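Heads up, the sequence shown stops at 272 in our numbering, and the numbers go up one at a time, no gaps.
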Amino acid sequence: MPLDAPRRLIGTALVAVSLVASTPAEVVASTPADVAASPVTPAAGASVTATALPQATTLTQLNGLPQDTDTFGELSGVVVHPVRTVAVHAQPGGTPVATLPAKQLGSLTWVPVVEARKGWYRVLLPSKPNHVTGWINAKGLKKARSRYRAIVKLGARQLTVMNASKKLGTWTVAVGGPQTPTPVGRTFLLALMSPKKKTYSPLILPLGTHSQTLDTFGGGPGTVAFHGWPDRKVFGQAVTHGCVRVPARALKVLAGLPLGTPVLIAP
Numbered sequence: 006m007p008l009d010a011p012r013r014l015i016g017t018a019l020v021a022v023s024l025v026a027s028t029p030a031e032v033v034a035s036t037p038a039d040v041a042a043s044p045v046t047p048a049a050g051a052s053v054t055a056t057a058l059p060q061a062t063t064l065t066q067l068n069g070l071p072q073d074t075d076t077f078g079e080l081s082g083v084v085v086h087p088v089r090t091v092a093v094h095a096q097p098g099g100t101p102v103a104t105l106p107a108k109q110l111g112s113l114t115w116v117p118v119v120e121a122r123k124g125w126y127r128v129l130l131p132s133k134p135n136h137v138t139g140w141i142n143a144k145g146l147k148k149a150r151s152r153y154r155a156i157v158k159l160g161a162r163q164l165t166v167m168n169a170s171k172k173l174g175t176w177t178v179a180v181g182g183p184q185t186p187t188p189v190g191r192t193f194l195l196a197l198m199s200p201k202k203k204t205y206s207p208l209i210l211p212l213g214t215h216s217q218t219l220d221t222f223g224g225g226p227g228t229v230a231f232h233g234w235p236d237r238k239v240f241g242q243a244v245t246h247g248c249v250r251v252p253a254r255a256l257k258v259l260a261g262l263p264l265g266t267p268v269l270i271a272p
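Here it is in structure tokens:
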């Protein structure tokens, strides 16, 4: 029987980081120390120095890796976690072109599988460009399955969270404005962040996708996230810088989902 991906315990596993923003921001604006380079375990026979490779984090741009071509397809829910930093390849057994750290933004790295071959998984990565994927060796990975998925319909300004075939809730939300639209396609819950200082939301849930019109925002890489908002009047409007603002109840439900849970953002 498939196992659920590890759940996060609010109050014990919240990440204590500060979001640097002088006004209510729409994207992750901090650079936590825990995304710095960490020891690398390259694939056997790798012909490059893995420590010189870029890391597949929300802070980086990666080149030479395949794109996810089925951007609106339903993911299986299979997610994997590297117990230590692993090499990322453009094809199984090829030369490593990046590394995937075990942790980023204060959370364990869990990424969804989009394709599997013997001994290898192709996974969605949290880096730019959006929809970038890479192959990682199955050795040294923890594997789980998330029954959950979150669906955002931009036109309807609506969020629905599902547990298999059971609907956990549907809420009216605020989405990106005309000049800063919320990027479409399938992505995933990347991390759970709790600002040290009181801000516009008690929790920030970064996704594995970025604004396509803002290269940076508030000092960060333009990472799109789910988060709350103090003024309920915004819900139902297209007014954000790309993030999805959600009501308090929806934020609580989202915060209980396993990392790596698929998120589909539809037009």
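All C-beta atoms in this analysis are idealised placements derived from N, C-alpha and C, irrespective of residue type, glycine included. Because the structure is a prediction, the values reported are computed rather than measured.
Rounded separation between residue i and residue j - CA only
i	j	result
PRO183	ALA243	7 Å
ALA61	VAL93	8 Å
LYS238	GLY160	17 Å
GLY124	HIS136	22 Å
GLY2	VAL118	With the chain represented from 6 up to 272, any question about residue 2 goes unanswered, as that position is not in the structure.
GLN72	LYS257	32 Å
LEU259	ALA57	36 Å
LEU208	GLY82	24 Å
THR177	PRO134	28 Å
ALA179	GLY98	43 Å
PRO200	GLN109	16 Å
LYS172	ARG254	14 Å
TYR205	GLY265	24 Å
GLU120	ILE156	21 Å
LEU129	VAL116	6 Å
Assigned exposure category for residue i - 16 Cβ within 10 Å defines buried
i	result
VAL88	exposed
SER132	buried
SER170	exposed
ASN142	buried
THR74	exposed
PRO211	buried
GLY247	buried
PRO47	In this predicted model, PRO47 has a pLDDT of only 33, less than 50, meaning its place in the structure is not dependable; the value taken from the coordinates is given anyway. So PRO47 counts as buried.
According to DSSP, residues forming a beta bridge with residue i
i	result
ARG191	LEU269
GLN72	VAL137
TRP234	DSSP output for TRP234 lists no bridge partner at all.
LEU210	PHE231
VAL180	ALA243
For residue i, the three-state DSSP class (helix, strand or coil)
i	result
ARG254	helix
VAL239	helix
ALA169	coil
LEU259	helix
ALA155	strand
LEU219	coil
ALA57	helix
SER199	strand
LEU164	strand
Uninterrupted beta strand (DSSP E) stretches inside the stretch 88-142 (no shorter than 3 residues): 90-94, 101-105, 116-122, 125-129, 138-142
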